[in-house]
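First up is the structure itself, then whatever we jot down about it.
Protein chains in written order, with our numbering: chain A, -12 to 487; chain B, 402 to 1032.
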């Protein structure tokens, strides 16, 4: 059917926007490249409005069932557009200072956003794979964007090698799956699996191995243990805004895909995979949170912390059901807002000091009280303290798991959440109790001596402070009053699993 | 105009004022004190509208306005307000007295380093107290109850550099918290039985129980919960044996004593019993306990007031004594009388405290033995103090006379004659100690060191005058005026309305007793007659006991030192060695160690990563297949 192609208009326009950014880049003088960021954000906002107006309440599949525009797709489309905008805004200062070719950077961010929103919308294995690759390719480039920084290059190489490897595994899994059931559309897979389950003896092992390999391939994307080992190196080496985007965007997108895949295609065999996913979730959350304690670099710490959060999100997949899906989506949103807040604070800190070790953050509460407070709120939220998003989302998710018969996993989740609080609070302690490190003292003295010239060097820009304030408010909002969000999420989960 | 529904705004305004003054006060003129007064004055104006609307809609009616807050499981939490005559009179008392005392504080607290913080706390207190009287469910009431406790703690210890103030604050907080535990247990017990925190629903069940119909409450639960609630009320209203904190609470600034520890917060206990009266009525035995505790409190503390020499402590003991009188009245089904006395006492005692504050401000004395003849240098203070004292002594036309009379009547009608006899004794003692305080402090010769004492500034004098008018004239609302107004008993009542009742024998009897007391004090303290010392020697050992507060404090201190601290020392040892060192630090250290060991698994070599991935994939595939094959 081609008569409803116009429903893909936001995707087409987003691709055009990215190309437009590349084009405009050619004509802008070097000093004004930041205008491209504003162009991208304005475009995203326009597309956001357009999508909401055009796609609200629609539930149609396109291209013979390859892509679906339903409230699930719309929710994530909106989410990724907003995320893209936030990432771009928080990156502006960083890009100006540390990266060459800003035009391409913003365009690649937009391509990644395009890949993400198609990932959430696709209902067929190969379409999903292609969207996933679009996102991954964008990230391969972005991770290595710090061209003169050997760490960034190393991170890029590691990421692309392991990424290619995992893509191969994923594709192999898809082909085995296709061999076993003969279809690739989610709904047809579900139908085939239902028939197969009715006659369980006749199911070939190929099917299970194929499913396992698909899970491994996606497990790499979300950095689930034991497919996580690239994450700390890549996070540490990548330019900071890319790390932020990677840890939030790629994870939420992969989970959006996972949730759709498991919810729409693999649901009939939930008894066969539930325990495996649960075990995967358990080791992921324990390992991620335990190893985070030993980290000295903030980016590495956040990498392990995000591995831990992936464990929690896998718990939502294991507890797949209406409440499981709803709380998982809420978790993704809450995690994304919180994580972006922490990363934005870190970017602002890096912009000012050029450092990102935990030890460097000593005395931050005195030198930059707002940054310290925002960072502390973000960390409290990641640790799951009340009044902040982290508490609400964990509460919903763990409760959902407990009601789905995974009480033991909820217990493990609470225990590892407790461990995570330790290293988050360590950072807060560094900011609020420990004195400023030696280099900061020297810098402060120097600054005093040349006070007249450099009065404003030590301050984060107004833009990033505004973004950070908005994100912090978001963290509190989700924590205190999540009901409006829950309404949208209920409708999205309903689109996925049928009305409850 | 749905004015009554807007009554929630009254506490809300003060609640908003609190953080603004606390945070931005230092940048505002007058450190933000005007905001506090503006908020409470707006509250007072709103109260006038609410009161008008209440009378307009049927003065004896009761309206509840509720909003859903959130749902947790099957329980729905709401917050809402009750607007009935009890609420209205309490709103009036709290807003008016708080406003008066905040105005008074402008002058009294002038130059204090924490001037703004003082007014911020006053706003928070007013908000909490107003929320307490408006609350339509026990949970909200409990929250407000604790909040007023916190404000009381912070304000008693306002001058926390002074050790005695810090300790008094601690004592007040701990003592009342102890009683609050019982209150909480009572509330939870009711919640378990009735399934809601809503007061109206609880009272409905209590009424069903009374009527002998099917009720969610059993008579045993009703009695237990009523008694538990009463223990909470005893803590807040300083009934024996919880009374020990109130005299010490006088360490706070005097306006605080006037507002919190005389007129408003300490009557919260009386208010609580009045508010939950349907429950108490369903458990008559509980009411008998209320009456006995009230009577014991009023008698014992009246004698302590006689023995005290510090002006503020005299007033504090007198407050406790009158709170006991209110409790006694409630225990004798004298609902109207209790609330009426609450109001009359509130105005009079606030006035007396402001007088004491004025003396401290002007003459810098708190011990009445060092005062004397102050009427000569502080005529206005002396005059208003006399009005307050006359009101509390129960001399006719002053407010306290009318309310005390109602109480006597209730006791006469509903309790054993022994109760009445002891109540009359309390009336006599009350007049005696008030007269003693007044004559010693304000009459007689002016002492040399007090020659420089000066009268209070206008901002302090104005509230005193206004309160004096009320202390003198408030009692007349007990009378039937005609024109539709048939006395306080016609709209503030429980069960059935009643006009003003007057028992001539009782009124005359109590008046004679009061006058006798005043005469005794006058002749003994001003004319040097030995009547009182004779009385003192006749009643040995009571005067000596009263001077030492009947050893309540000593017994408590001994228990804390010898029993509680020894026990907690043992618990502390157990906690440190067994719980902390072994139970908590042990696992924590192993987690930390494993973290440093585990982090080595990320080697930095890509081929290791790929290998682990392959192994993971193999493991997953095999496990999956095995699970399917087995299951």
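Cβ coordinates follow ideal geometry from the N, Cα and C atoms, glycine included.
Computed from a predicted structure; not experimentally measured.
What would DSSP say about residue 997 of chain B, mapped onto helix, strand or coil?
helix
Between the region 235 to 264 of chain A and chain B, which residues of the former have a C-beta closer than 9 Å to a C-beta of the latter?
256, 258, 259, 260, 262 and 263
Check residue 438 of chain B in the structure and name its three-state DSSP category.
helix
Taking buried to mean at least 16 other C-beta atoms within 10 Å of its own C-beta, is residue 261 of chain A buried or exposed?
buried
For residue 453 of chain A, report the span of its alpha helix (DSSP H) as first-last.
449 to 467
At the 8 Å Cβ level, is residue 426 of chain A part of the contact set with chain B, yes or no?
no
Shorter than 8 Å from the beta carbon of residue 991 of chain B to some beta carbon of chain A?
no
Compare the C-beta of residue 153 of chain A against all C-beta atoms of chain B and say whether one is closer than 8 Å.
yes
Along the chain, where does the alpha helix (DSSP H) containing residue 488 of chain B start, and where does it finish?
486 to 509
Determine whether the Cβ of residue 833 of chain B lies closer than 8 Å to any Cβ atom of chain A.
no
Around the C-beta of residue 122 of chain A, are 16 or more other C-beta atoms found within 10 angstroms, so that it is buried, or is it exposed?
buried
If the criterion is Cβ atoms closer than 8 Å, does the pair residue 240 of chain A and residue 129 of chain A meet it?
no
As an exercise, report each continuous alpha helix (DSSP H) stretch of at least 4 residues that is fully enclosed by the region 592 to 671 of chain B, in chain order.
600 to 611, 620 to 637, 646 to 649 and 655 to 659
Please decide whether residue 1003 of chain B counts as near chain A, where near means a Cβ-Cβ distance under 8 Å.
yes
Going by other Cβ atoms of all chains shown within 10 Å of its Cβ, with 16 needed for buried, is residue 640 of chain B buried or exposed?
buried
Rounded C-beta distance between residue 751 of chain B and residue 660 of chain B? I'm assuming under 8 Å.
7 Å
Under the rule that 16 or more other beta-carbon atoms within 10 Å means buried, what is residue 806 of chain B, buried or exposed?
buried
Please list, in chain order, all residues of the same chain as residue 403 of chain A whose beta carbon is under 6 Å from its beta carbon, the five residues on each side excluded.
272, 273 and 276
Looking at the structure shown, is residue 284 of chain A part of a helix, part of a strand, or coil, going by DSSP?
strand
Per DSSP, residue 480 of chain B forms a beta bridge with which residues?
B:468
Measure from the C-beta of residue 468 of chain B to each C-beta in chain A and report whether the shortest distance is under 8 Å.
no
Between residue 774 of chain B and residue 837 of chain B, which are expected to be in contact by the criterion C-beta below 8 Å, what is the C-beta distance as a whole number of angstroms?
15 Å between Cβ atoms; not a contact.
Where the beta strand (DSSP E) containing residue 49 of chain A begins and where it ends
47 to 49
Could you have a look at residue 538 of chain B and say whether DSSP puts it in helix, strand or coil?
strand
Minimum length 4: unbroken alpha helix (DSSP H) runs contained in the region 4 to 53 of chain A:
21 to 42
Neighbouring residues, chain B, relative to residue 214 of chain A (Cβ below 7 Å)
1014 and 1017
Who pairs with residue 56 of chain A in a beta bridge, going by DSSP?
A:47
Residue 97 of chain A and residue 320 of chain A - do their beta-carbons sit closer together than 8 Å?
no
What residues from chain A crowd round residue 999 of chain B, counting only those whose CB sits closer than 9 Å?
274, 277, 278 and 281
For the alpha helix (DSSP H) containing residue 446 of chain A, name the first residue and the last one.
Counting along the chain, residue 446 of chain A falls outside any alpha helix (DSSP H), and DSSP gives it neither H nor E.
Determine, for residue 219 of chain A, whether the minimum Cβ-Cβ distance to residues of chain B falls below 8 Å.
yes
Along the alpha helix (DSSP H) that carries residue 796 of chain B, what are the first and last residues, could you check?
Per DSSP, residue 796 of chain B belongs to no alpha helix (DSSP H) and is neither H nor E.
At a Cβ threshold of 8 Å, is residue 478 of chain B touching chain A?
no
Please report the straight-line C-alpha distance between residue 590 of chain B and residue 224 of chain A, rounded to a whole angstrom.
60 Å
Since residue 431 of chain A meets chain B, which of its residues come closer than 9 Å, beta carbon to beta carbon?
Within 9 Å Cβ-Cβ: nothing; residue 431 of chain A doesn't reach chain B, min ~27 Å.
Just grab the DSSP bridge partners of residue 344 of chain A for me.
A:284
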